[in-house]
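**Student:**
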Amino acid sequence: MQDDKALMQLAPLATPMTDSVIAVNTAPSVEEVRVARHLSGRAKAAIVVRLLLNDGADIPLEELPEELQTKLTEQMGEIGLVDRVTLGAVAHEFVEALEGIGLSMPHDLAGALNVLDGKIGARTAAKLRKQAGVKQSGDPWVRLKALPAAELAELAEAESTEVAAVLLSKLDTPKAAEMLGQLPGPMARQITYAVSKTGKVTPEAVDRIGFSLVAQMDQRPISAFDDDPEKRVGAILNQSAANTRDDMLTSLDAEDEAFATSVRKMIFTFAHIPERVTERDVPAVVRAVDQDEFVIALAAATDEKNAPVVEFLLGNMSARMADNLREEVQERGTIKRAEGERAMNAVVNAIRGLEDEGTITLVVEEEEDE
């Protein structure tokens, strides 16, 4: 029966059966003379669950479909007393079935999508998620809780305050706090206050809200690019010559000031080093850059914008190393502009690499509340 199969799928997740459970299956032969009761598959499932719970097993029953959870609970309330012979027979049958399991598969399409996440194509996954949403299968909040805070904030901004309050209430505390930080101040305060009004929201309503939010996610067009447009443009301009970068930003300001502002936040150049790199991380940066490239970058940084970077870097390393680098810079003399920009980009790329590795953390400029 469906109940037995569902229990078999949960069984590998439960703690192993201990001697007290196995002992039921090896009762003295004098009791085996009795005949076990004839029970339905649902009743046997209820007995096994009760036996495992008595033995301290942790069975994730919440992963069963709600209908099966209801049937299991009702059956457990109806079955009454169970004699030892029947209990032993049921336990023996369960152990045999458990030993015969080769693989446990997901309960539904939503579970299969979770298993295959990142393994199948984005378009196929989106199509199947939409299908799973229409069937109202699985727990929508599992997907919602896995979203980045920025995407959750976008969902909240597009919904009513009441729906956003339910979304906030279902998130883990750290994720909820991060989501609030992504919202404009007035909206964040309204949503926080609305949480106090969610006490009477029914579980059914929470599920409907979850499926509605997931449906909105699945209706979004699939992007051909992994990064946002401003991040892609920022990465390109990071590697561009300074005059090209300045010209492009000026043009973007004229065409779309908001987009230009977003792009500027993505840009990290040699001149930004004192603002974004902490003093204690300078030695790590120096070690990560080829010394010849580093000397060329310092020698080329003579203009008003980049000269402070040289003093910042030299001032946060040992005096001996700083003196040696100053001597090498003087020996280099005048550096061609293109060569200097390549060296500066090499320093910036090294810093980005250290950040990606988690070796250093760049300082993020705080945004003012609206």
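For the sequence shown, the tail end lands on 463 under this note's numbering, and the numbers increase by one without skipping.
Here a beta-carbon is modelled for each residue, glycine too, at the ideal position from N, C-alpha and C.
Since the structure is predicted, the reported quantities are computational estimates derived from the model, not experimental observations.
1) Taking Cβ to Cβ, would you say valine 294 is nearer than 8 Å to valine 259?
2) At which residues does the alpha helix (DSSP H) containing methionine 198 begin and terminate?
3) I'd like to know whether the C-beta of glutamate 247 is nearer than 8 Å to at least one C-beta of chain D.
4) Tell me, please, whether the segment 235 to 247 touches the segment 297 to 315 by the rule of three or more beta-carbon pairs shorter than 8 Å.
5) Report buried or exposed for arginine 380, applying the criterion of at least 16 other Cβ atoms within 10 angstroms of its Cβ.
6) Identify which residue in Glu372, Glu368 and Ala246 has its Cα closest to the Cα of glutamine 275.
7) Does the distance between the C-beta of leucine 209 and the nearest non-hydrogen atom of the ligand ADP fall short of 7 Å?
8) Count the other CB atoms, across all protein chains shown, that sit within 10 Å of the CB of proline 233; report buried if there are 16 or more and exposed otherwise.
9) Distance, Cα to Cα, glutamate 404 vs threonine 395?
10) Nearest CA to the CA of histidine 131: which residue from Met280, Glu160 and Leu180?
11) State buried or exposed for lysine 48, treating a residue as buried only when at least 16 other CB atoms are found within 10 Å of its CB.
12) Excluding the 5 residues flanking valine 441 on each side, which residues of the same chain have their C-beta closer than 7 Å to its C-beta?
13) Taking 8 Å as the cut-off, does the segment 338 to 356 touch the segment 445 to 452 (at least 3 CB pairs, one atom from each stretch)?
14) Starting from glycine 433, follow the alpha helix (DSSP H) in both directions and report where the run begins and ends.
15) Sorted by chain position, which residues of the same chain lie with C-beta nearer than 6 Å to lysine 263's C-beta, five sequence neighbours on each side aside?
16) Where does methionine 410 fall in DSSP's three states?
17) With a 10 Å radius around its C-beta and 16 neighbouring C-beta atoms as the bar for buried, classify arginine 282 as buried or exposed.
18) If you measure between the beta carbons of leucine 191 and leucine 206, is that distance less than 8 Å?
19) What residue range is occupied by the uninterrupted alpha helix (DSSP H) comprising alanine 298?
20) Could you pull out every residue in the same chain whose Cβ sits closer than 8 Å to the Cβ of aspartate 210, ignoring the five residues on either side in sequence?
21) Determine, using beta-carbon pairs with one atom in the segment 409 to 424 and one in the segment 381 to 394, whether at least three such pairs fall under 8 Å.
**Tutor:** Quick answer:
1) What you label residue 294 is simply residue 201 of the sequence shown in a count that begins at 1. What you label residue 259 is simply residue 166 of the sequence shown in a count that begins at 1. Between valine 294 and valine 259, the C-beta gap is smaller than 8 Å, which places the two residues in contact.
2) The count along the sequence shown starts at 1 and reaches residue 198 at position 105. Per DSSP, methionine 198 is not a residue of any alpha helix (DSSP H), being assigned neither H nor E.
3) Among the protein chains of the structure shown there is no chain D, as only one such chain exists.
4) As far as the Cβ criterion goes, the segment 235 to 247 touches the segment 297 to 315, which means the pair count is three or higher.
5) The count along the sequence shown starts at 1 and reaches residue 380 at position 287. Exposed, because fewer than 16 other Cβ atoms sit within 10 Å of the Cβ of arginine 380.
6) On the sequence shown, position 182 is the one that residue 275 refers to. For the residues Glu372, Glu368 and Ala246, the minimum Cα distance to glutamine 275 belongs to Ala246.
7) Judged by which ligands are present, the structure shown has none, so any question about the ligand ADP falls away.
8) If you number the sequence shown from 1, residue 233 lands on position 140. By the Cβ-count criterion, proline 233 is buried, with 16 or more other Cβ atoms from all chains shown falling within 10 Å of its own Cβ.
9) Taking the sequence shown and counting its residues from 1, the one referred to as residue 404 is at position 311. Taking the sequence shown and counting its residues from 1, the one referred to as residue 395 is at position 302. Cα-Cα distance, rounded: 11 Å.
10) Mapped onto the sequence shown, residue 131 falls at position 38. When each option's Cα is compared against that of histidine 131, the closest is Leu180.
11) The chain is shown only over 94 to 463; residue 48 falls outside these bounds and no answer can be derived.
12) Walking along the sequence shown from the start, residue 441 turns up at place 348. For valine 441, where only same-chain residues beyond five positions count, the Cβ hits under 7 Å are Asn331, Phe361, Thr362 and Phe363.
13) No: fewer than three Cβ pairs fall under 8 Å.
14) In the sequence shown, the residue the question calls residue 433 occupies position 340. First-last of the alpha helix (DSSP H) with glycine 433: 430 to 450.
15) Here residue 263 refers to the residue found at position 170 when the sequence shown is read from its first residue. Non-local C-beta neighbours of lysine 263 in its own chain, meaning closer than 6 Å and more than five positions away in sequence, comprise Trp234, ordered along the chain.
16) For this step, residue 410 is matched to residue 317 along the sequence shown. If DSSP states are grouped into helix, strand and coil, methionine 410 belongs with coil.
17) Position 189 of the sequence shown, counting from 1, holds the residue named residue 282. Label assigned to arginine 282: exposed.
18) In the sequence shown, the residue the question calls residue 191 occupies position 98. In the sequence shown, the residue the question calls residue 206 occupies position 113. Not in contact: leucine 191 and leucine 206 (Cβ atoms no closer than 8 Å).
19) To locate residue 298, count along the sequence shown from 1; it is residue 205. 296 to 312 is the extent of the alpha helix (DSSP H) around alanine 298.
20) Taking the first residue of the sequence shown as 1, we reach residue 210 at position 117. Around aspartate 210: Ala218.
21) In the pairwise beta carbon analysis, the segment 409 to 424 is classified as touching the segment 381 to 394: at least three pairs are separated by under 8 Å.
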